[in-house]
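Trainee: Got a structure for you, written out below as structure tokens; questions coming shortly.
Residue numbers (my numbering): 78 to 672.
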């Protein structure tokens with residue numbers, strides 16, 4: 078739309094006023110020769126092109142648009158600029174005064190006064206100078222209106238852009254007037270206040286935050302940057318960083334604009350940026366044994382709840398994997414999963430790691446303080462691994478958090494509400510520790526709401542082949558080695574081993590073997606040395622020395638047959654590699670029942 082087209086109503090009002098005052102007809106065209114306003118016969122042509130727009134030659138209005146100079150037509154029938162020659166003799170117009178409408182350095186249209194009889198013509202020619210000044214002022218008025226409309230449109234666009242920016246930022250934003258009444262707020266502010274915009278606007282900020290730097294800034298005219306405050310919001314106590322800046326108008330404070338952030342969300346964002354997010358699902362817990370199926374069935378039932386879970390099991394059984402799977406299958410899956418190893422953090426630091434600390438709480442503490450793992454886990458899950466290593470004095474504080482759902486930082490006196498599901502894990506016998514006074518019974522019963530036991534690998538040996546194949550596929554792809562499987566001897570050895578380190582030890586063994594193997598099949602020579610030693614000496618048992626030697630000899634012979642083949646030529650090569658005769662090889666194969 079042209080500049081004059083945007084003020085069509087104003088242009089029409091000007092055209093009608095001029096026509097009524099002077100007793101002549103008025104026409105206003107834009108820079109594309111479209112009639113945007115007019116009286117008399119031009120009123121019916123609004124929105125249509127002027128006739129000369131369809132000709133290449135620069136006639137009257139085109140001349141004014143190109144030169145930016147006013148022009149007077151004394152006799153349309155004789156003036157060569159007036160109309161196409163074919164129409165010049167047919168016009169009923171007797172005279173015209175044309176004036177350019179100029180905005181800045183650009184001609185945006187033409188305003189014309191048109192006479193249709195001799196009386197109007199004589200008046201226009203007699204008062205030519207005064208009429209030209211008058212039309213020039215009207216043209217200036219129209220240009221000013223266009224400028225105002227452009228400024229208003231630009232202001233509206235800037236305002237809408239600013240509103241969009243404010244609505245999309247993750248900080249809460251509010252504005253108050255000089256009385257402390259909320260005048261504006263964004264969607265994040267609605268969420269953090271737990272109130273709709275309709276409820277917030279028009280309400281004194283002091284109703285929600287009676288003691289805040291926002292109101293202090295209103296009184297003092299001083300800005301506050303990243304002020305830490307605690308306020309009751311959404312039915313619980315919330316911790317905020319608030320920045321408040323006064324609005325100064327003619328030397329007085331007319332209001333304040335404030336932005337605020339939930340400290341817990343800020344700390345969580347910082348934590349997540351520094352931590353590699355690991356997600357796990359129940360599908361990653363491999364096994365078909367009855368004990369594993371039973372464990373997964375129970376875990377899937379309790380995943381959707383908020384009850385505290387205590388996972389027990391030996392080291393390496395996958396307790397953290399189960400905890401992460403519980404979190405991923407829960408309604409809290411979009412929230413944080415914060416893992417804390419209570420046995421890996423020095424006792425002197427564990428309290429501040431779990432519960433956070435206020436600035437200056439102890440020597441070396443950050444001035445601004447630090448949120449603890451419970452605050453970071455708000456809205457999600459905290460996993461307390463090796464809970465049996467938690468000191469007694471911290472067991473009391475943990476029990477208080479579980480009972481009240483509130484955390485008090487070290488050196489602080491303001492409790493912070495937290496919405497956290499607790500999953501604890503241990504490889505120790507907590508019941509024995511209770512009897513010996515090493516673990517509080519009240520905390521144990523708080524944690525042991527839903528007990529889940531992860532069995533050791535030796536109690537589910539039928540899962541070992543599944544785990545071997547799973548980890549082989551994983552590390553073959555990771556290390557880009559096309560290994561298809563295990564030799565019979567290697568698989569037999571790995572399946573007979575007791576795996577005291579459980580799944581973690583098995584995974585490490587497969588990773589080692591994939592790194593060491595140069596063929597497309599994992600052989601005994603590629604498994605870790607301690608496992609090869611086990612094949613020779615599996616430890617105390619009822620087996621005789623003869624049985625152990627036979628077992629080891631069988632593994633060696635199977636390995637070489639797989640390497641060289643079971644054909645006659647393959648057996649000859651195997652015998653040569655073993656430095657025995659072919660007859661000895663055949664006899665041993667027969668004695669050991671190897672086909």
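Just so you know, even glycine gets a beta-carbon here, dropped at the ideal spot from N, CA and C.
1) What residue range does the beta strand (DSSP E) around residue 462 cover?
2) Mapping the DSSP letters down to three states, classify residue 245 as helix, strand or coil.
3) According to DSSP, simplified to helix, strand and coil, what is residue 557?
4) Identify every residue that forms a DSSP beta bridge with residue 187.
5) Out of curiosity, what's the CA-to-CA distance linking residue 320 and residue 252?
6) Looking only at DSSP bridge pairs, what is residue 447 linked to?
7) Candidates 294, 275, 138, 308: which alpha carbon is nearest residue 287's?
8) Around the Cβ of residue 671, are there at least 16 other Cβ atoms within 10 angstroms (buried) or fewer (exposed)?
9) When you compare each of 645, 610, 647, 653 to residue 632 by their alpha carbons, which one comes out closest?
10) Taking its Cβ as the centre, do 16 or more other Cβ atoms sit within 10 Å of residue 642, making it buried, or is it exposed?
11) At a cut of 8 Å, does the region 574–582 reach the region 388–401 through at least three beta carbon pairs?
12) Hey, residue 463 and residue 503 are a contact pair by Cβ (cut 8 Å); roughly how many whole angstroms apart?
13) Nearest-angstrom Cα distance between residue 149 and residue 206?
14) From residue 377 to residue 550, what distance separates their C-alpha atoms?
15) Per DSSP, what kind of secondary structure is residue 541 in: helix, strand or coil?
16) Find the nearest neighbour of residue 457 within the set 400, 638, 567, 558, judged by alpha-carbon distance.
17) May I have the straight-line CA-CA distance separating residue 591 from residue 369, to the nearest angstrom?
18) In this structure, how does DSSP classify residue 604 when only helix, strand and coil are distinguished?
19) If you run the structure through DSSP and keep just helix, strand and coil, what is residue 669?
20) Counting only the same chain and skipping the five closest in sequence on each side, list residues whose C-beta sits under 6 Å from that of residue 298.
21) Buried or exposed: residue 72, going by 16 or more other Cβ atoms within 10 Å of its Cβ?
22) For the candidate residues 410, 540, 594, 601, whose alpha-carbon lies nearest to that of residue 568?
23) Can you tell which of 479, 517, 227, 448 has the C-alpha that lies nearest to the C-alpha of residue 489?
24) Looking at residue 222: is its Cβ nearer than 9 Å to the Cβ of residue 112?
25) For residue 618, which residues from the same chain have a beta carbon less than 8 Å from its beta carbon, with the 5 sequence-adjacent residues on both sides left out?
26) With a threshold of 6 Å on Cβ separation, who are the neighbours of residue 300 within its own chain once the five nearest residues in sequence on each side are excluded?
27) State the CB to CB distance for the pair residue 158 and residue 195, rounded to an integer number of angstroms; the pair is presumed to be in contact (CB under 8 Å).
28) Along the chain, where does the alpha helix (DSSP H) containing residue 369 start, and where does it finish?
29) Could you give the C-beta distance for residue 115 and residue 92, rounded to a whole number, given that I count them as a contact under 8 Å?
30) Roughly how many angstroms separate the alpha carbons of residue 293 and residue 260, rounded to a whole number?
31) Starting from residue 260, trace the alpha helix (DSSP H) both ways and give me its first and last residue.
32) Thinking C-beta only, is residue 583 closer than 9 Å to residue 548?
33) Counting pairs of beta carbons, one from the region 415–428 and one from the region 270–288, are three or more of them closer than 8 Å?
34) Considering only DSSP beta bridges, list what residue 337 is partnered with.
35) Taking only three categories from DSSP, how would you classify residue 214?
36) Measuring alpha carbon to alpha carbon, tell me which of 296, 535, 599, 467 ends up nearest residue 257.
Mentor: By the coordinates alone:
1) Counting along the chain, the beta strand (DSSP E) containing residue 462 begins and ends at 458–462.
2) Residue 245 falls in the helix class under three-state DSSP.
3) Reduced to three states, the DSSP call for residue 557 is coil.
4) DSSP lists 106, 177 as partners of residue 187.
5) The alpha-carbon atoms of residue 320 and residue 252 are separated by roughly 12 Å.
6) The bridge partners DSSP lists for residue 447 are 434.
7) Each of 294, 275, 138, 308 was checked against the Cα of residue 287, and the nearest Cα belongs to 308.
8) By the 10 Å Cβ count, residue 671 comes out exposed.
9) Minimum Cα-Cα distance from residue 632 among the listed residues 645, 610, 647, 653 corresponds to 610.
10) Residue 642 comes out exposed.
11) By the C-beta criterion, the region 574–582 is judged to be in contact with the region 388–401, since at least 3 inter-stretch pairs fall below 8 Å.
12) The C-beta distance from residue 463 to residue 503 rounds to 6 Å, short enough to meet the 8 Å contact threshold.
13) So the two alpha carbons sit approximately 10 Å from each other.
14) So the two alpha carbons sit approximately 26 Å from each other.
15) Three-state result, residue 541: helix.
16) Looking at the Cα atoms, 400 is the closest of the given residues.
17) Rounded to the nearest angstrom, the gap between the Cα atoms of residue 591 and residue 369 is 27 Å.
18) Three-state DSSP puts residue 604 in coil, outside helix and strand.
19) Residue 669: coil per DSSP, three-state reduction.
20) Excluding five sequence positions before and after residue 298, the CB atoms of its chain that fall closer than 6 Å to its own CB belong to 323, 330, given in chain order.
21) Given a span of 78 to 672 for the chain in the structure shown, any question on residue 72 remains unanswerable.
22) Closest in C-alpha terms to residue 568, from the list 410, 540, 594, 601, comes 601.
23) Checking every option, the nearest Cα to that of residue 489 belongs to 448.
24) Going by beta carbons, residue 222 and residue 112 fall outside the 9 Å limit.
25) With a pLDDT of 48 at residue 618, under the threshold of 50, the modelled position of this residue cannot be trusted, and the question is left open.
26) Closer than 6 Å at Cβ, skipping near neighbours: 322.
27) With 8 Å as the limit, residue 158 and residue 195 do not qualify as a contact, their Cβ atoms being about 21 Å apart.
28) Annotation: the continuous alpha helix (DSSP H) that includes residue 369 extends over 367–379.
29) Right, their Cβ atoms sit about 6 Å apart.
30) One Cα belongs to residue 293, the other to residue 260, and the distance between them is close to 17 Å.
31) No alpha helix (DSSP H) holds residue 260; the beta strand (DSSP E) holding it covers 259–262.
32) Yes, Cβ-Cβ distance for residue 548 and residue 583 is below 9 Å.
33) At 8 Å Cβ cutoff, the stretches do not touch.
34) DSSP, once it has assigned bridges, lists 249, 319 as partnering residue 337.
35) In the three-state DSSP reduction, residue 214 falls in the helix class (H, G or I).
36) Ranked by how close their Cα comes to the Cα of residue 257, the residues 296, 535, 599, 467 have 296 in first place.
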